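Participant: Protein chains in written order, with UniProt numbering: chain W, 1 to 368; chain C, 1 to 368.
From the three backbone atoms N, C-alpha and C, an ideal C-beta is built for every residue, glycine too.
Nothing here was measured: the structure is a model prediction, and the numbers come from that model.
This structure is in structure tokens; I'll ask about it shortly.
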């Protein structure tokens, strides 16, 4: 568990080679980010010749890495073959070595999700009390704020205990990044009634209610798919399969709707004229739904903070991921996750740790 | 298994009391439906005094039922207490009794889903080779056609064999109602690669590939959430939990988007003026996304055809459910489901019937 003094500058390590576009996107994003955050410092990781433009920038250090994990590289290649990849070296900056503090407090990469999670997990290890790291992102909701959703695909078969862990980690994330200290938590289900859902979901509901009653989190109850966009709760917890389907279904529908709007406004000279007049309105509408604004998913449950940008992000979107990572580090997300897990382990040891039965009672005390 | 001569009129039994609005919605819908379908006949089920308006309509018979299953009635009430409910009597019309053919070929109700499925299952029983009935609906896609999705909440913990059964029943539905004889089938997953997903999903992928190779269905492979709206496949198969979340998430996003559009167009006198000019465009856009046009979910796997309307349907929406039910009956959906299941049982008995191992080999031969 590393910690740091919040009066100190926050240092981010950036995998500058990752994603579909590499330095042509990451460098302009880093430059804009630096200009907006005078307290931030960047470690730019990648091939020095590709990052030469940034050599003279203030508050920047170039960290050489000779290899690149491509968007198609299997996890094995990222883990075992490309040991000097920009992704791996960027994550490595989060590790304290030989008593020296870590070089960076948070890492950002647009590299492929599977590889990023695998390398991060291998290098950083999971936090005590966490069985599986999870991926959390935000979606816009009708209240004008965001709904944080996790897990988004890291875990396909979850136990009730995993879902409780997700709720604790997600609560810490919302508190750190959105500034809401006691975010409300919804359990994604197919009905609001407690008798709904699979056995796992019903058991997760019990664990969450108990944790809520113990003051460990703010449990609202079951929510349904539409509640994500209603903004019924700050946080929505689900297993990775369901979360991934919900996210991609939403992306698909949003794409279809914007295509349809374009088609309808482009259909005739008259509708084109209407589009011209409606342009400011349509622009504001587009801005509110612009998924680039919500870029930057958190990998939670590791002994280090890693944020994942969309692979296809442009410079604006990548900068948002840097912003979220910066806020998370500045607001001590790692300590917050740790504190919540420890508090819950101490209050209800058997409930948080799904593997306690296998590992014996020392698990809880190790974590504490 | 009942069958009928397709040159004969199709008779629908309609639960006129179900849904949020009862006869004030169902009767106008029935009237419009009758006018559009000269070959159709209706059995209007409910309290005779509430249906008096329809007493003189041609091709209509009023069937008395003294009770109504409300939208909040628990399944137990619908099953055990309200034995003369319009829902139950409407479904009863699908049963052949004492050698006489069934009074109706398909039943439509806007009553509550849980009660409808339970009563239908109790009265009709499942088809041979089907472990669990499923609910299928359509969503619009970018190609301008529909994607049929099942299951939507009837089944929360599915085996690979259940998913194969859903694929077979869904294929029959698309063939009957959309007129595409060999609809393409996608398995909803979190990636296109065959190694993605839970063990159940991977096993379901194998069963579907085998069934595809044997010519029993047209298996495309894995699809992701966004493929529902891309229209990558005619049919998307998933377990009821995932399908329910995908559907409700989509509804939530569509609601948020239309709210945002309204807000943006209502923001200032200038944007209101733009809205006025853009009105025909926005109307066409709204029409394309109008969920009322897609109303009418099929309950599949029962020994009788039941269609479920949204409880909140208006007369236009309820008429669409009648239309879908009519098309299904006219195009022999029940025989089609039966034929596909039998063909698959004969080709690969162990694969379709998830319980074959428990029940012994007689299951397949019983079904055949």
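(1) Residue 194 of chain C to residue 11 of chain C, Cα distance in whole Å?
(2) Output yes or no for whether 8 Å exceeds the beta carbon distance between residue 240 of chain W and residue 167 of chain W.
(3) Should residue 371 of chain C be labelled buried (16 or more other beta-carbon atoms within 10 Å of its own) or exposed?
(4) Can you confirm whether residue 234 of chain C, when its beta carbon is compared against all beta carbons of chain W, has any partner nearer than 8 Å?
(5) Mapping DSSP to helix, strand and coil, what is residue 156 of chain W?
(6) Determine whether the beta carbon atoms of residue 207 of chain C and residue 235 of chain C lie at a separation below 8 Å.
(7) Given a limit of 8 Å on CB to CB distance, which residues of the segment 210-231 of chain C reach chain W?
(8) Roughly how many whole angstroms lie between the Cα atoms of residue 129 of chain W and residue 335 of chain W?
(9) By the 10 Å Cβ neighbour count, where 16 or more other Cβ atoms means buried, how is residue 287 of chain W classified, buried or exposed?
(10) What are the residues that DSSP puts in a beta bridge with residue 348 of chain C?
(11) Residue 284 of chain C versus chain W: which residues are under 8 Å apart at the beta carbon?
(12) Pick out whichever of W:110, W:170, W:23 has its Cα sitting closest to the Cα of residue 320 of chain W.
(13) Between the segment 143-162 of chain W and the segment 48-55 of chain W, are three or more C-beta pairs nearer than 8 Å?
(14) Which residues in chain C have a C-beta closer than 8 Å to the C-beta of residue 251 of chain W? List them in chain order.
(15) Out of W:347, W:119, W:104, point me to the one whose CA is closest to residue 73 of chain W's CA.
(16) Going by C-alpha distance, which of W:337, W:259, W:324, W:24 is nearest residue 54 of chain W?
(17) Excluding sequence positions up to five away, which residues of its chain have a Cβ less than 7 Å from the Cβ of residue 90 of chain W?
(18) Flag this pair as yes or no: are the beta carbons of residue 246 of chain C and residue 225 of chain C separated by less than 8 Å?
(19) Could you tell me whether the Cβ atoms of residue 156 of chain W and residue 189 of chain W are closer together than 8 Å?
(20) Anything in the segment 154-168 of chain W with a Cβ closer than 7 Å to a Cβ of chain C? List those residues in chain order, please.
(21) Can you list, in chain order, the residues of the segment 288-311 of chain C whose Cβ is nearer than 8 Å to any Cβ on chain W?
(22) Using only the alpha-carbon positions, how far apart do residue 290 of chain C and residue 115 of chain W sit?
(23) Any beta carbon of chain C sitting closer than 8 Å to that of residue 260 of chain W?
(24) At which residues does the beta strand (DSSP E) containing residue 148 of chain C begin and terminate?
(25) Exposed or buried, what is residue 447 of chain C when buried is set at 16 or more other beta-carbons lying within 10 Å of its beta-carbon?
(26) Three-state secondary structure (DSSP) at residue 371 of chain C?
(27) Beta carbons nearer than 9 Å to chain W: which residues of the segment 172-201 of chain C have them?
(28) How long is the line joining the alpha carbons of residue 242 of chain W and residue 269 of chain C, rounded to whole angstroms?
(29) Chain W beta carbons: is any one of them nearer than 8 Å to that of residue 112 of chain C?
(30) Could you tell me whether any Cβ in chain W is nearer than 8 Å to the Cβ of residue 20 of chain C?
(31) Taking a cut of 8 Å between CB atoms, which residues from the segment 236-250 of chain C lie near chain W?
(32) Mark residue 98 of chain C as exposed unless 16 or more other C-beta atoms lie within 10 angstroms of its C-beta, in which case mark it buried.
(33) In the structure shown, what three-state DSSP assignment does residue 356 of chain W receive?
(34) Distance check for residue 295 of chain C and residue 282 of chain W, CA to CA, integer angstroms please.
(35) Mind pulling the beta strand (DSSP E) runs of 3 or more residues that sit fully within the segment 179-212 of chain C?
(36) May I ask you to report which of helix, strand or coil DSSP gives residue 15 of chain W?
Facilitator: From the atom records:
(1) Spanning the two alpha carbons is a distance of roughly 44 Å.
(2) no
(3) The requested residue 371 of chain C is not part of the displayed model; chain C covers only 1 to 368.
(4) Chain W contact via Cβ: absent.
(5) coil
(6) no
(7) 224, 225, 226, 227, 228, 229, 230
(8) 14 Å
(9) exposed
(10) Residue 348 of chain C is not bridged to any residue.
(11) 264, 267
(12) W:110
(13) no
(14) 225, 226
(15) W:119
(16) When only C-alpha atoms are compared, the closest one is W:24.
(17) 13, 14, 15, 45, 107, 109
(18) yes
(19) No, these two residues do not count as a Cβ contact at 8 Å.
(20) 156, 157
(21) 288, 289
(22) 41 Å
(23) yes
(24) 146-150
(25) Residue 447 of chain C lies beyond the residue range present for chain C, which begins at 1 and ends at 368; the question has no answer from this structure.
(26) The question about residue 371 of chain C has no answer, for chain C in this structure spans 1 to 368.
(27) Taking a C-beta cut-off of 9 Å against chain W, the contacting residues of the segment 172-201 of chain C are 188, 189, 190, 191, 196, 197, 198, 199, 200, 201, listed in chain order.
(28) 43 Å
(29) For residue 112 of chain C, not one C-beta of chain W is nearer than 8 Å to its own C-beta.
(30) no
(31) Per Cβ criterion, the list reads 238, 240, 241, 242, 244, 245, 246, 247, 248, 249, 250.
(32) exposed
(33) For residue 356 of chain W, the predicted model reports a pLDDT of 41, less than 50, meaning its position is unreliable; a value from the coordinates is still stated below. Reduced to three states, the DSSP call for residue 356 of chain W is helix.
(34) 29 Å
(35) 184-188
(36) Assigned with DSSP and collapsed to three states, residue 15 of chain W falls in strand.
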